[in-house]
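>
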Ligand code: THU
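Numbering (our numbering), first residue to last: 3 to 136.
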């Protein structure tokens, strides 16, 4: 799957966002080495602090479906004029999945005009992960 297709999947996922409190719809798409694609979108709650981010939903879906190895790339798209990067909690959640498969995925932060490509290890240096418990 191309990066453009991954980005399109993230954009499509944002259409299902449940974000009536922030009006900030986010979409995320995960690409795995075996060709699997898993998407997510943010889901908010009347108890505001319980909001779940798009990336966390995507990782949870992948984990629940047994898709755990070879996370290659992640596309994230928000509604604003600038690309967004995953929040701190989502970086940690993504790191858990990435470390399970021994990868350092590209994070494609998608804006209306450009795509910022970062490595997860640059967004979350010196990460605490499964290996830290060994
Ligand atoms: N949000 C995400 O889905 N991903 C992020 O990485 C940052 C923030 C969501 C959470 C909340 O529903 C809305 O964006 C505004 O913060």
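Note that beta-carbon positions come from the ideal geometry of N, C-alpha and C, so glycine has one too.
What number of angstroms, rounded off, separates the C-alpha of residue 16 from the C-alpha of residue 109?
Residue 16 sits at position 14 when you count from the first residue of the chain shown. Residue 109 sits at position 107 when you count from the first residue of the chain shown. So the two alpha carbons sit approximately 17 angstroms from each other.
> Hey, residue 57 and residue 30 are a contact pair by Cβ (cut 8 angstroms); roughly how many whole angstroms apart?
By one-based count along the chain shown, residue 57 stands at place 55. By one-based count along the chain shown, residue 30 stands at place 28. Correct: roughly 5 angstroms between the Cβ atoms.
> What are the uninterrupted segments assigned as alpha helix (DSSP H) that are 4 or more residues long and contained completely in the stretch 23–81, given in chain order?
Runs of the alpha helix (DSSP H) inside the stretch 23–81: 56–66.
> With H, G and I counted as helix, E and B as strand and the rest as coil, what does DSSP make of residue 84?
Here residue 84 refers to the residue found at position 82 when the chain shown is read from its first residue. Here residue 84 sits in coil by DSSP.
> Is the beta carbon of residue 21 sitting closer than 8 angstroms to the one on residue 27?
Within the chain shown, numbered from 1, the residue matching residue 21 stands at position 19. Within the chain shown, numbered from 1, the residue matching residue 27 stands at position 25. Yes. Within cutoff.
> Could you check where the alpha helix (DSSP H) with residue 135 kicks off and where it finishes?
The residue labelled residue 135 in the question sits at position 133 within the chain shown. From DSSP, residue 135 is part of no alpha helix (DSSP H); its letter is neither H nor E.
> Less than 7 angstroms between the CB of residue 46 and some heavy atom of the ligand SAH, yes or no?
Among the ligands present in this structure, namely the ligand THU, the ligand SAH is not found.
> Where DSSP assigns a beta bridge to residue 121, which residues make up the other side?
Residue mapping note: residue 121 aligns to position 119 of the chain shown, counting from 1. According to DSSP, which records beta bridges pairwise, residue 121 is partnered with 108.
> Decide if residue 88 is buried, meaning its Cβ has at least 16 other Cβ atoms within 10 Å, or exposed.
As a first step, residue 88 is located in the chain shown; it is residue number 86 there, counting from the start. Buried: at least 16 other Cβ atoms inside 10 Å.
> Provide the residue span of the alpha helix (DSSP H) that contains residue 131, from first to last.
The residue you call residue 131 lines up with position 129 of the chain shown. Note, residue 131: premise wrong, no alpha helix (DSSP H); not H, not E.
> Does the ligand THU have a heavy atom nearer than 7 angstroms to the CB of residue 98?
Numbered from 1 along the chain shown, position 96 holds the residue referred to as residue 98. No, since every heavy atom of the ligand THU falls outside the 7 angstroms radius drawn around the Cβ of residue 98.
> Out of 44, 6, 37, point me to the one whose CA is closest to residue 24's CA.
Counting from one through the chain shown, the residue named residue 24 turns up at place 22. Selected option, being the one with the closest Cα: 44.
> Between which residues of its own chain and residue 19 is the CB-CB distance below 6 angstroms, once the five residues before and five after are set aside?
For this step, residue 19 is matched to residue 17 along the chain shown. Correct list, in chain order: 27, 43, 44.
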